[in-house]
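Working notes, beginning with the structure itself.
In our numbering, the protein residues as written are 585 to 1507.
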């Protein structure tokens, strides 16, 4: 820049103006400082001298007051604590007096007044203060009191107060005089300052006007250019200034600012575009793909990869831009743990990692024209709320400048927010689906409640009408009130009797079930042993007798089970457990259970399932099998020729007729070609203990409970059982069950527990469900027992000698040694005596110590913790079995006992207990 162009730049111009102002100010300060020094000295004298004089005078007067109060307090009370302020004031007033006398040494009048004050203080101390204290200290209380009453120092103290008032008044007048003089000098200084300021202001204005003209003109040119840029919104326009002074520098810096604003606007546009793009993504993979591709394109990165952090903290590649493939790039990993590799380390450190001079063959960027290697690598974390959600890896041909790095940081922040929003959105969608399901359930309940409300409203209206009629009949009802109350009490008493009778009935059935099962157990065991005739000492006729006895016992057991099932149904205590039922398994079940029976009668047994029937539906599978077994057993029993067919089909939206349910139903039809049922007997056949006419009952036998139980079970499953028949042509029994659980199905049948206390002898589902009127052969197996043992010892603990005899006989024939005990204490004594026992068969109900208590005590002995124990019980229900297994039972078998079942359990348990020493083998 030429020297003449820089001779009078803005700095020089401003310096000249300031020098002029400084010169004027210097003269102003020189004049003012002299006057202010004088004022300062005067103000300092007033602040230091006068205030100190007033303070010391106050301190002396305060000490005098402390002397008087301390003397009086000590004389009156005799408390030495009053002497402490007295002694302190006695020692400090003279020092304050000496300081004060030095401050007023130039004022003779004040010195004289102060000297008089000193003399009076000393006089009071000598005549009143010290004598009173000495008298009191000498213990002369009466003299001290009299001295205090006379108070010789009172006149002196009054004089001192007046003297202090005169002294302070004189000092205040002197201070006021000095302040007035200082105000007068301040006024003179003020007028001097105004005059000097006026002159300086005129000189400064003149210099400022001259200098500003040389500065403002080029600045206006710059401002005009900036306004034009602002109006047009064209950030690419730049300011041009021809002068070479500071305005030129201002224009250059403004151009740099415009450049920076332009870059920031570009960054803002890119961030806005990215935000808009991410808002269009409705899936997580779409979100990551949009971000990766857009970020790579904006930042000029030929390669980019995004790794998302999953719930187990590992980072998995979610999307990539220009991802290389093939050798040797197939070794590139897509999964990292925190701290593993650059991706994992970036997630741990939570900061951007930048690497330049990337080694060759690190990664290769390929295109249709060729390939190249990047020179820079950036690994950046994506965070929300200081938590790393993802990591972005970029490969570049050159490092990013500051603007691109700033853009990268903002893009990472935007994607972090979008990723958090997407995760929240997915979570909200999940919660919405759950809430929608709950809303649908609530809607169903609301509709049910609304229907009930409408019903109640209609009932209310009816009641209102009836209320109007009732008001007319009040006088008649009043006369009948006593009779109604009496009738109500009778009904209540009758209800109590009915309830009591129901309890007696349940208790009777419980006791009878136990009492019948116990002798039935020994009878069936012995009859089975006799029917097998392993010793060969029975004739064929005698074997048939034994088989008849066993079959009769089985029929009696089925009758007990049917009666208990019917009692449960009537009492509403039968438990229904809904689950998915597999329809495709029914043909195999039917053939396995009834194929042999149908073959013996030369009957065709078949199962047909329509194609539109679902493979599975929701119901109680055990109760469904029980109903089908009843129907099939009856069909085979009452059919002499022809066949029995079980067909399964769908009924779409059946209309409600009578007790028949409405909606999509699955129909199970059992059709036979048997004797048929008369029209007048179709309805009674579902009643308890009814089998059509009497001749049928006499000819075919049975109790008539199977269809009654089946009908009740069908209703509890939300379905219905109906029959169609003609004499001589056969019968069709149709079981209708909902294709899905009804929406308004009573929840009590899913949650009402089986009342073991009131019906604790009820048979378990495994026995009762297979029994009906006619399936006597289905409940027990007569197959021979094929287990042979090798001399193991069995301890039988049972109070019923019949059960012990029958069971011991069967066990001894299987080559087992048998020990017996009639109650729990005796069984524990046998074990404690040292007898070698390999397995224990224990009855559940015994006198003295029952089976459950005996088992509990047995498991408390360390030597018998692993001893196999099988619990035998006539109280066959789930609650009893759970109690026994919780106490330590290895197996639970219901009476009457099947030898094949108990031998199988014994074989399994003893083999498991002594696996290294095989002591038994199959026969």
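Each residue gets a CB set at the ideal place from its N, CA and C atoms; glycine is no exception.
This structure is a prediction, so every number in the text was calculated from the model and none was measured.
Could you compute how far the alpha carbon of residue 1128 sits from the alpha carbon of residue 1122? Residue 1128 and residue 1122: Cα-Cα distance of roughly 10 Å.
Leaving out the 5 sequence neighbours to the left and right, which residues in its chain are closer than 6 Å to residue 1209 when beta-carbon positions are compared? Excluding positions up to five away in sequence, the list is empty.
To the nearest angstrom, how far is it from the Cα of residue 1165 to the Cα of residue 1199? Across the structure, residue 1165 and residue 1199 are spaced so that their CA atoms are roughly 8 Å apart.
Hey, residue 854 and residue 991 are a contact pair by Cβ (cut 8 Å); roughly how many whole angstroms apart? With a Cβ gap of about 6 Å, residue 854 and residue 991 count as contacting.
Just to confirm my understanding: we take residue 1334, look at its own chain, exclude 5 residues before and 5 after, and list those with CB closer than 7 Å. What are they? Note that residue 1334 has pLDDT 37, beneath the 50 cutoff, so the model's placement of it is unreliable and the number below is only indicative. Excluding residues within five positions, the ones whose Cβ falls inside 7 Å are 1160 and 1162.
Would you report the Cα separation of residue 887 and residue 968, rounded to the nearest angstrom? Cα-Cα distance, rounded: 25 Å.
Nearest by alpha-carbon distance to residue 1449: which of 901, 1112 and 1497 is it? A check of alpha carbon separations from residue 1449 across 901, 1112 and 1497 identifies 1497 as the nearest.
From the DSSP secondary-structure annotation, give me the bridge partner or partners of residue 901. Partner residues in the beta bridge of residue 901, as assigned by DSSP, are 891.
State yes or no: is the C-beta of residue 1380 within less than 7 Å of the C-beta of residue 1404? In this structure, the beta-carbon distance from residue 1380 to residue 1404 falls below 7 Å.
What's the call for residue 760, buried or exposed, on a 16-neighbour Cβ count within 10 Å? The residue in question, residue 760, is exposed, as its Cβ has fewer than 16 Cβ neighbours within 10 Å.
Proximal residues to residue 641 (C-beta, below 8 Å), its chain only, five neighbours per side dropped: For residue 641, where only same-chain residues beyond five positions count, the Cβ hits under 8 Å are 684, 748, 751, 752 and 755.
Just verifying my parser: in three-state terms, what is the DSSP assignment at residue 689? Reduced to three states, the DSSP call for residue 689 is coil.
Give a yes or no on contact between the segment 1458–1477 and the segment 1392–1404, applying the rule of three or more CB pairs nearer than 8 Å. Too few Cβ pairs lie closer than 8 Å, so no.
Three or more C-beta pairs under 8 Å: does that hold for the segment 921–940 against the segment 889–903? With the cut-off at 8 Å, the segment 921–940 and the segment 889–903 touch.
Tell me, please, which residues DSSP counts as bridged to residue 1201. Partner(s): 1165.
So residue 974 and residue 848 are in contact, right, with Cβ under 8 Å, and what is the actual spacing, rounded? For residue 974 against residue 848, the beta-carbon gap comes to about 26 Å, at or over 8 Å, which does not count as contact.
Neighbourhood of residue 1018 by C-beta, 8 Å cutoff - its chain only, sequence neighbours within 5 removed: The same chain holds no residue with a CB closer than 8 Å to that of residue 1018 once the five nearest residues on each side in sequence are set aside.
With a threshold of 16 other CB atoms inside 10 Å of the CB of residue 878, please say whether the residue is buried or exposed. Buried, since its Cβ has 16 or more Cβ neighbours within 10 Å.
Rounding to the nearest angstrom, what Cα-Cα distance links residue 1508 and residue 1202 in this structure? Past the edges of the chain, shown from 585 to 1507, lies residue 1508, and the structure says nothing about it.
Rounded to a whole number of angstroms, what is the C-alpha to C-alpha distance between residue 1205 and residue 1425? Computed Cα separation, rounded: 32 Å.
Candidates 1212, 1384, 1390 and 1406, of which the one nearest residue 1316 by Cα: Closest by C-alpha distance to residue 1316, out of 1212, 1384, 1390 and 1406, is 1212.
In chain order, what residues of the same chain have a beta carbon less than 6 Å from the beta carbon of residue 1130, not counting five sequence neighbours either side? The residues are 1111, 1114 and 1115.
Are three or more beta carbon pairs between the segment 775–787 and the segment 659–666 nearer than 8 Å? Taking 8 Å as the limit for Cβ pairs, the verdict is that the segment 659–666 does not touch the segment 775–787.
For residue 889, the nearest candidate out of 986, 605 and 903 (CA to CA): Of the candidates 986, 605 and 903, the one whose C-alpha sits nearest the C-alpha of residue 889 is 903.
So, is residue 1435 buried or exposed, given that buried needs 16 or more other C-beta atoms within 10 angstroms? With 16 or more neighbouring CB atoms inside 10 Å of its own CB, residue 1435 falls in the buried class.
Mind reading off the beta-carbon distance from residue 644 to residue 680? Whole number of angstroms is fine, and I expect it under 8 Å. About 5 Å separates the two Cβ atoms, so the contact holds.
Does the beta-carbon distance from residue 1309 to residue 1260 come in below 7 Å? Contact flag set, yes.
Minimum C-alpha distance to residue 997 - residue among 1050, 772, 972 and 985: With respect to the C-alpha of residue 997, the residue from 1050, 772, 972 and 985 having the closest C-alpha is 972.
What residue does the beta strand (DSSP E) around residue 1269 start on, and which one ends it? Taken as a continuous stretch (DSSP letters only), residue 1269 belongs to no beta strand (DSSP E), as it is neither H nor E.
Helix, strand or coil: how does DSSP classify residue 943 here? In this structure, residue 943 counts as coil in the three-state DSSP scheme.
In whole angstroms, give me the CA-to-CA distance for residue 1171 and residue 1255. Distance between the alpha carbons of residue 1171 and residue 1255: 15 Å.
Helix, strand or coil: which one does DSSP assign to residue 1490? Helix at residue 1490.
Write down the C-beta distance between residue 720 and residue 659 rounded to the nearest angstrom, noting that I regard them as a contact closer than 8 Å. Yes, residue 720 and residue 659 are in contact; Cβ-Cβ is about 5 Å, under 8 Å.
For residue 967, the three-state DSSP class (helix, strand or coil): Reduced to three states, the DSSP call for residue 967 is strand.
Along the chain, where does the beta strand (DSSP E) containing residue 1310 start, and where does it finish? For residue 1310, the enclosing beta strand (DSSP E) covers residues 1304–1310.
Measure the C-alpha to C-alpha separation of residue 1059 and residue 1035 and round it to an integer number of angstroms. Roughly 36 Å between the two C-alpha positions.
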